[in-house]
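Residue numbers (the numbering used here), protein chains in the order written: chain A, 1 to 413; chain B, 414 to 826.
One structure below.
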């Protein structure tokens, strides 16, 4: 948690409403940080369905292993998240910690071990002592309340400069259902999946396989389309819980992902995922500007996304944005290095609505002054048209500033 | 050219000897820089053989196109290099510039157009006016001298903080032959091939196909194994010229790459390529430390190199090195994100000779103090053993400092 809040933070934090079937408690366990909460417990009513998406790292953290193992059951009763220590690359000790924590959590809420989900975020490679916090879970479960979403968002922060919230209420059948989400970044953010922890819950009655389909599809253009520094965490975890409590108010239980009644819900979920993913980017370590990179005219959507990520991950593009320099030559460089089909002489590049290059050279109408003006904005859009096909993709990143180096040059100290 | 020389610069610059068959001249053409040379002419005696390796960017510069077109002829009489403008992504104008420059160069030395080689380095996307310097070539050719290698190294610099030289004299048959090389970096450095310009010449009589075989093989573990920022330039050019003048002193003409008499020469060439490549890394923009990354125990050499580059290109690993923080967790993260076969619980990591992690967790003998001491050095070695096979690779990079961001945040201004 940083003393200086990102200039791209929301002007006002959205307040998440209570969600039936979810109760929350946070605590100061003193795992690493002092004078702040670092432990989150979410308790779900019986029957809650769950879906998840995790890091593709070949070296995932112990909690990711545990979530993956429990996910096929499709049911969740409790989530425990700690910040300050990722419990990643902690070997046998790491597994002991997740095992002890899961047992304590199951006992605290009275559920089966495979209904427990865990996430840890912070330093990698330091053993995490379950003894530091597992004894707190029982009292936390007792004291858990429906309205504490604001606290939940704060307890999971690491180098984040602000908590990240999103909410929506939509119709499912004739009933109102609500979706609440929280997330944390802020470095080691890259697909797939974009680093971070994010927990989304709804009172809609939706079966786990349907949740999973929606979540997997929804991450593609959202959490898997944001990158801060091209580094992929060992701990990336996105979980979606559905308590089903809205069934009492007449919401239909959805068991088929093709159910037409899901349309509004699906859209709202995607908006929330995108909203949270963008908040993560806007709080990227040292970020001063949000950058939206769109690639059009590529051979395929897949190719477009690779080129877009090549641009979004290029240190030279990102430092140019930080320096408010419309250095489109570096965009060309990043297109060229992506390894995807591209023809220099068909390429066009835009900053915002200003076309700076077309057909492989500087636009004859290029105005340095107008483009420089544009670069002063908080939100920069870069577009590259490859001119070869119809493939299209958009990804989001932030600029690369001296503050990023500063934050990461002494993260552990 | 920067005012502050990299702390990793050589303590003493090696002086390159005159090389029979090569004459050199530099000039201040005022293309972008003031009060420094920015134009290099190298004239080669008739019969000089040439080989080259170029950027794999899909958007190569106009001079790269020209070199590629002329390379199959296998003969070179003149090389023209300018700094300050890369003549990249300059469309039709770019081709006009290379065409005009090549004509002027051919006229200046009296050779065929396909014996001309060009390279440009600097800003991308700005038209380069051949009229600014092509008229100088004739007088430069007249005034060219054998001993001006030192000047050659300086004229091609951009953000380099020091010129890069390497030389070796070895036996070919019974005759001494010399190899001289110069190079420039210093950002946009990544395989393949590592960005930069490098020009190597020898008086050995070696046929172009043999040169090409040696150069292509030699770049793999040298120029294609260094990375500063993962960004690949549109202009990467490495040319190797063999004037054959040593034949007069009894050196045998080599026409078969398997010729056993080449052994010493090949080794010396590889040493020079590695020496120049490392000088490029040590002058990486903002570099304060050289980092050698070795991956052992991977499934294959190819897999090892990918993992090594994932580590070497990770902003979080590089900022940790800058902060003298032995954050081996980030090394694990970079192994995990490489997408190559890896098993967390078989992984070991070393900083220098200190094993910090083994079998998926912190080494029981880990000493934070000893490791922190090690991180204070100028040259850091990181090794990761994957524990799966026998694949091995070494790559080199530098740390990521605030100075990198500073340099690249206002490069064009």
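Note that CB positions come from ideal geometry on N, CA and C, so glycine has one too.
> Are residue 86/A and residue 121/A touching if we call contact CB-CB under 7 Å?
Replying inline: Inclusion of residue 86/A and residue 121/A in the CB contact set at 7 Å is warranted, their separation being smaller than that value.
> Beta-carbon of residue 297/A versus every beta-carbon of chain B: anything under 7 Å?
Replying inline: Residue 297/A is outside the set of residues whose beta carbon lies under 7 Å from a beta carbon in chain B.
> Quick one: is residue 15/A buried, meaning 16 or more other Cβ sit within 10 Å of its Cβ, or exposed?
Replying inline: The residue in question, residue 15/A, is exposed, as its Cβ has fewer than 16 Cβ neighbours within 10 Å.
> What residues from chain B crowd round residue 227/A, counting only those whose CB sits closer than 8 Å?
Replying inline: None at all; the shortest Cβ gap to chain B is about 11 Å.
> Bridge partners of residue 775/B, per DSSP?
Replying inline: The partner list for residue 775/B (beta bridge, DSSP) reads 770/B.
>> Any beta carbon from chain B within less than 7 Å of residue 7/A's own beta carbon?
In response: No, residue 7/A lies away from the interface with chain B (no Cβ there is under 7 Å from its Cβ).
>> If you reduce the DSSP assignment to three classes, tell me which class residue 759/B lands in.
In response: When DSSP states are grouped into helix, strand and coil, residue 759/B belongs to the helix group.
> Got a sec, what are the start and stop residues for the alpha helix (DSSP H) residue 678/B sits in?
Replying inline: Run containing residue 678/B: 676 to 695, per the alpha helix (DSSP H) assignment.
> So what does residue 578/B bridge to, in DSSP terms?
Replying inline: Paired residues: 595/B.
> Between 327/A, 180/A, 347/A and 178/A, which lies nearest to residue 389/A when the distance is taken from Cα to Cα?
Replying inline: Nearest C-alpha to residue 389/A: 347/A.
> So what's residue 570/B in DSSP terms, helix, strand or just coil?
Replying inline: Coil.
>> Closer than 8 Å between beta carbons: that is the criterion. Which residues of the stretch 77 to 92 of chain A meet it against chain B?
In response: Cβ contacts with chain B come from 86, 88, 89, 90, 91 and 92.
> Is residue 235/A buried or exposed, if buried means 16 or more other CB atoms sit within 10 Å of its CB?
Replying inline: Here residue 235/A is buried: its Cβ has 16 or more other Cβ atoms, across all protein chains shown, within 10 Å.
> So which of 458/B, 473/B and 506/B has the shortest CA-CA distance to residue 487/A?
Replying inline: Beyond the ends of chain A as shown, which are 1 and 413, falls residue 487/A; an answer cannot be given.
> For residue 708/B, which residues of its own chain have a beta-carbon under 6 Å away from its beta-carbon, when the five flanking residues on both sides are left out?
Replying inline: Spatial neighbours of residue 708/B in its own chain (CB-CB distance under 6 Å, excluding positions within 5 residues in sequence) are listed in chain order as 717, 720, 721, 797 and 806.
> If you count every other CB in all the chains shown that lies within 10 Å of the CB of residue 411/A, and 16 or more means buried, which is it?
Replying inline: Residue confidence for residue 411/A is low, a pLDDT of 47 falling below 50, so the modelled location carries little weight; the figure read from the coordinates is stated next. Residue 411/A counts as buried, since no fewer than 16 other beta carbons sit within 10 angstroms of its beta carbon.
> Where does residue 819/B fall in DSSP's three states?
Replying inline: In the structure shown, residue 819/B adopts helical secondary structure according to DSSP, grouped into three states.
>> Please list, in chain order, the residues of the stretch 792 to 812 of chain B that have any C-beta partner in chain A closer than 7 Å.
In response: Answer in chain order: no residues at all.
> Taking the alpha-carbon positions, what's the residue 788/B to residue 692/B distance?
Replying inline: Their backbone Cα atoms lie some 21 Å apart in a straight line.
> Taking three-plus beta-carbon pairs below 8 Å as touching, is the stretch 139 to 151 of chain A in contact with the stretch 17 to 24 of chain A?
Replying inline: The stretch 139 to 151 of chain A, when compared against the stretch 17 to 24 of chain A, does touch it at the 8 Å Cβ threshold.
> Got a sec: is the Cβ-Cβ distance from residue 605/B to anything in chain A below 7 Å?
Replying inline: Confidence is the limiting factor: at residue 605/B the pLDDT is only 41, short of 50, which leaves the residue's position unreliable, though a coordinate-based value still follows. No - not a single Cβ of chain A is within 7 Å of the one on residue 605/B.
> At which residue ranges does the stretch 426 to 493 of chain B contain complete beta strand (DSSP E) runs of 3 or more residues, listed in the order of the chain?
Replying inline: Those beta strand (DSSP E) runs which fall completely within the stretch 426 to 493 of chain B and span 3+ residues are 435 to 440, 452 to 457 and 462 to 467.
> Do you know how far the Cα of residue 68/A is from the Cα of residue 758/B?
Replying inline: Rounded to the nearest angstrom, the two C-alpha atoms are 17 Å apart.
> If you compare alpha carbons, which of 316/A, 334/A, 36/A and 350/A is closest to residue 365/A?
Replying inline: Nearest C-alpha to residue 365/A: 350/A.
> Nearest chain B C-beta to residue 160/A closer than 7 Å, yes or no?
Replying inline: By the rule that beta-carbons nearer than 7 Å mark a contact, residue 160/A does not touch chain B.
> Under a three-way DSSP split, which group does residue 605/B fall into?
Replying inline: Reliability fails at residue 605/B, whose pLDDT of 41 lies under 50, so the model's placement of it is uncertain and no value is given.
> Looking at C-alpha atoms only, which residue of 596/B, 622/B, 652/B and 592/B is the closest neighbour of residue 659/B?
Replying inline: The candidate whose alpha carbon is nearest that of residue 659/B is 592/B.
> How should residue 369/A be labelled, buried or exposed, when 16 other C-beta atoms within 10 angstroms of its C-beta is the threshold for buried?
Replying inline: Exposed, since its Cβ has fewer than 16 Cβ neighbours within 10 Å.
>> Just to check my reading of the structure: residue 667/B and residue 619/B have Cβ atoms closer than 8 Å, yes? What is that Cβ distance to the nearest angstrom?
In response: Contact between residue 667/B and residue 619/B holds: CB atoms are separated by about 5 Å, below the 8 Å threshold.
>> Is there a C-beta anywhere in chain B that falls below 7 Å from the one on residue 58/A?
In response: Nearest CB-CB separation between residue 58/A and chain B: below the 7 Å threshold.
> From residue 250/A to residue 105/A, what does the alpha carbon distance come to, in whole angstroms?
Replying inline: Within the model, the alpha-carbon separation for residue 250/A versus residue 105/A is close to 32 Å.
> Is the Cβ of residue 415/B closer than 7 Å to any Cβ of chain A?
Replying inline: With a pLDDT of 48 at residue 415/B, under the threshold of 50, the predicted position of this residue should be treated as unreliable, though the coordinate-derived value follows. Not a single CB atom of chain A sits nearer than 7 Å to the CB of residue 415/B.
> Relative to chain B, which residues along the stretch 303 to 317 of chain A have a C-beta separation below 9 Å, given in chain order?
Replying inline: Taking 9 Å as the cut-off between beta carbons, the residues of the stretch 303 to 317 of chain A near chain B are 313, 314, 315, 316 and 317, in sequence order.
>> Residues in the same chain with beta-carbon distance under 8 Å from residue 422/B, minus the five sequence neighbours each way, listed in chain order, please.
In response: Listed in chain order, the non-local C-beta contacts of residue 422/B below 8 Å within the same chain comprise 574, 575, 695 and 696, local neighbours out to five positions each way being set aside.
> Three-state secondary structure (DSSP) at residue 95/A?
Replying inline: DSSP places residue 95/A in helix when its eight states are reduced to three.
> Would you call residue 290/A buried or exposed, if buried means 16 or more other Cβ atoms sit within 10 Å of its Cβ?
Replying inline: Label assigned to residue 290/A: buried.
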